[in-house]
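*Asks:* My questions will all concern the structure given below.
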Amino acid sequence: MLDYSIPLRKHITPWRSLCGLTSPSAEWIIRNLNHILLHIISLHSYDFGGRERESKLTSVIYLKNGICNIKFLGSCYINYRMQFEKRFSILHISNMILAIGSMLFHATLQRLQQQGDETPMVWEMLLYIYILYSPHWHYKTTMPTFLFLYGVLFAIFHSQIRSNFGFKAHYITLCLLCIPRMYKYYIHTHDKNAKHLAKLYLITLFLGLSCWGFDRVFCRKISIWEFNPQGHALWHVFMAFNSYFANEFLMFCRAQQRGWDPRVVYFMGFFPYVKIEKPKAQ
Numbered sequence: 027m028l029d030y031s032i033p034l035r036k037h038i039t040p041w042r043s044l045c046g047l048t049s050p051s052a053e054w055i056i057r058n059l060n061h062i063l064l065h066i067i068s069l070h071s072y073d074f075g076g077r078e079r080e081s082k083l084t085s086v087i088y089l090k091n092g093i094c095n096i097k098f099l100g101s102c103y104i105n106y107r108m109q110f111e112k113r114f115s116i117l118h119i120s121n122m123i124l125a126i127g128s129m130l131f132h133a134t135l136q137r138l139q140q141q142g143d144e145t146p147m148v149w150e151m152l153l154y155i156y157i158l159y160s161p162h163w164h165y166k167t168t169m170p171t172f173l174f175l176y177g178v179l180f181a182i183f184h185s186q187i188r189s190n191f192g193f194k195a196h197y198i199t200l201c202l203l204c205i206p207r208m209y210k211y212y213i214h215t216h217d218k219n220a221k222h223l224a225k226l227y228l229i230t231l232f233l234g235l236s237c238w239g240f241d242r243v244f245c246r247k248i249s250i251w252e253f254n255p256q257g258h259a260l261w262h263v264f265m266a267f268n269s270y271f272a273n274e275f276l277m278f279c280r281a282q283q284r285g286w287d288p289r290v291v292y293f294m295g296f297f298p299y300v301k302i303e304k305p306k307a308q
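Listed below in structure tokens is the structure:
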């Protein structure tokens, strides 16, 4: 039996995970996992006294991914019912694939699973670029063809050559390409509820980046605290909501372009989603 009274982090080298060699970017995550052996063996296990043994970091990420997939699956169903453009259903599905890839990576912290997390991140950004710029692109087939080939070539290249700095620089560049068009959509949107979605997007982005940065910079100090604030897990939670708010705001803007009379409504008074009413001719 495992002795729960002994901090397991003393017996595990920070440069390996229990499932094999870790990726360089995963090493700092491992230093933050208290009792990692016990928690990876069982996400939710109980001893005879009923005491819960769980990895707070992994549990929060799993919970976030579950909620994230439910949200995006619900959005896909709403899109189907309202006969919205398929590009947004594909975007929601890509969000779910990213959530699953993130879950697999954090369960193993291995290089192969890291690619399953990072590659969908790039694919997702390519979808955002397509949705943002395609309404103003005159050649309808050129952009999706180019972005599709770009995504395939990136996946092949990323599987053979790995660079943490290179991936981050590439991903940030894709994000920056989206900012001008997002800002243009925001200033041309006059609906208060839609603007509220955009503000929620910015707030969750700021909070998520703050949690990630705090956890990254102070990782060594946090790892010896009795209480771990779980900054990395909170980063995942905030970014899940961030993606959802971004999707709904873009759906509103696109529906407005098509003249579908969009409005933001709330499911159970909490989760916002876009409802449209197409003209009978459509």
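To convert, take the position in the sequence shown, counting from 1, and add 26; that gives our numbering. Backbone N, C-alpha and C fix where the C-beta goes; we use that ideal spot for every residue, glycine too. Keep in mind the model is a prediction, meaning the values are calculated, not measured.
Out of Asp217, Tyr227, Tyr176, which has the shortest C-alpha to C-alpha gap to alanine 281?
*Replies:* Nearest C-alpha to alanine 281: Asp217.
*Asks:* Go to phenylalanine 293, then tell me how far its beta strand (DSSP E) extends in each direction, as first and last residue.
*Replies:* Segment 289–293, the beta strand (DSSP E) holding phenylalanine 293.
*Asks:* Could you say if the region 143–151 and the region 174–184 meet the contact criterion of at least three C-beta pairs nearer than 8 Å?
*Replies:* Yes, the region 143–151 touches the region 174–184.
*Asks:* Let me know the alpha helix (DSSP H) ranges lying completely inside the region 173–199, each 4 residues or longer, listed in chain order.
*Replies:* The qualifying runs do not exist here; there are none.
*Asks:* Would you mind stating whether glutamate 303 and tryptophan 286 have Cβ atoms separated by less than 8 Å?
*Replies:* Yes, they are a contact pair.
*Asks:* Would you mind sorting leucine 138 into buried or exposed? The rule is 16 or more other CB atoms within 10 Å of its CB.
*Replies:* By the 10 Å Cβ count, leucine 138 comes out exposed.
*Asks:* In the DSSP assignment, find the alpha helix (DSSP H) that holds phenylalanine 271 and state where it starts and stops.
*Replies:* That run of the alpha helix (DSSP H) goes 257–284.
*Asks:* Determine the closest residue to alanine 220 out of Trp251, Ala195, Cys279, Leu152, with distance taken between C-alpha atoms.
*Replies:* Measuring from the Cα of alanine 220, the nearest candidate turns out to be Cys279.
*Asks:* For tyrosine 299, report the span of its beta strand (DSSP E) as first-last.
*Replies:* From DSSP, the beta strand (DSSP E) with tyrosine 299 extends over 297–301.
*Asks:* Report the rounded CA-to-CA distance for serine 185 versus glutamine 141, giving the unit in angstroms.
*Replies:* Roughly 7 Å between the two C-alpha positions.
*Asks:* On the three-state DSSP scale, how would you describe proline 161?
*Replies:* In the structure shown, proline 161 sits in a helix (DSSP, three-state: H, G or I).
*Asks:* What number of angstroms, rounded off, separates the C-alpha of histidine 222 from the C-alpha of isoleucine 116?
*Replies:* Rounded to the nearest angstrom, the two C-alpha atoms are 24 Å apart.
*Asks:* Is the number of C-beta pairs between the region 121–134 and the region 154–163 that are closer than 8 Å three or more?
*Replies:* The answer is no - the region 154–163 does not touch the region 121–134, with fewer than three Cβ pairs under 8 Å.
*Asks:* Going by C-alpha to C-alpha distance, which of Arg207, Phe174, Met151 sits closest to isoleucine 198?
*Replies:* Of the listed residues, the one whose Cα sits closest to isoleucine 198 is Met151.
*Asks:* Under 7 Å Cβ to Cβ from asparagine 268, same chain only, skipping five residues before and after it: list those, please.
*Replies:* Contacts found: Tyr227, Thr230, Leu231, Gly234.
*Asks:* Could you tell me which uninterrupted alpha helix (DSSP H) segments, each at least 4 residues in length, are contained entirely in the region 196–261, listed from first to last along the chain?
*Replies:* Counting whole runs of 4 or more residues, the region 196–261 contains the alpha helix (DSSP H) stretches 218–243, 245–248.
*Asks:* Between the Cα of histidine 258 and those of Tyr292, Asp241, Phe174, Arg113, spot the shortest distance and give me the residue it belongs to.
*Replies:* The shortest Cα separation from histidine 258 among Tyr292, Asp241, Phe174, Arg113 belongs to Asp241.
*Asks:* Just verifying my parser: in three-state terms, what is the DSSP assignment at leucine 130?
*Replies:* DSSP places leucine 130 in helix when its eight states are reduced to three.
*Asks:* Please go through the same chain and pick out, in chain order, the residues whose beta-carbon is closer than 6 Å to the beta-carbon of tryptophan 261, but skip the five residues on each side of it.
*Replies:* Excluding positions up to five away in sequence, the list reads Gly234, Cys237, Trp238.
*Asks:* In or out: asparagine 121 buried (at least 16 other Cβ within 10 Å) or exposed?
*Replies:* Answer is buried; the Cβ neighbour count reaches 16.
*Asks:* For phenylalanine 110 versus methionine 265, is the C-beta spacing smaller than 8 Å?
*Replies:* Contact flag unset, no.
*Asks:* Measuring straight from C-alpha to C-alpha, what distance separates threonine 167 and glutamine 136?
*Replies:* For threonine 167 and glutamine 136, the distance between alpha carbons rounds to 37 Å.
*Asks:* Does the distance from the CB of isoleucine 155 to the CB of leucine 173 come in under 8 Å?
*Replies:* Cβ distance < 8 Å, so isoleucine 155 and leucine 173 count as in contact.
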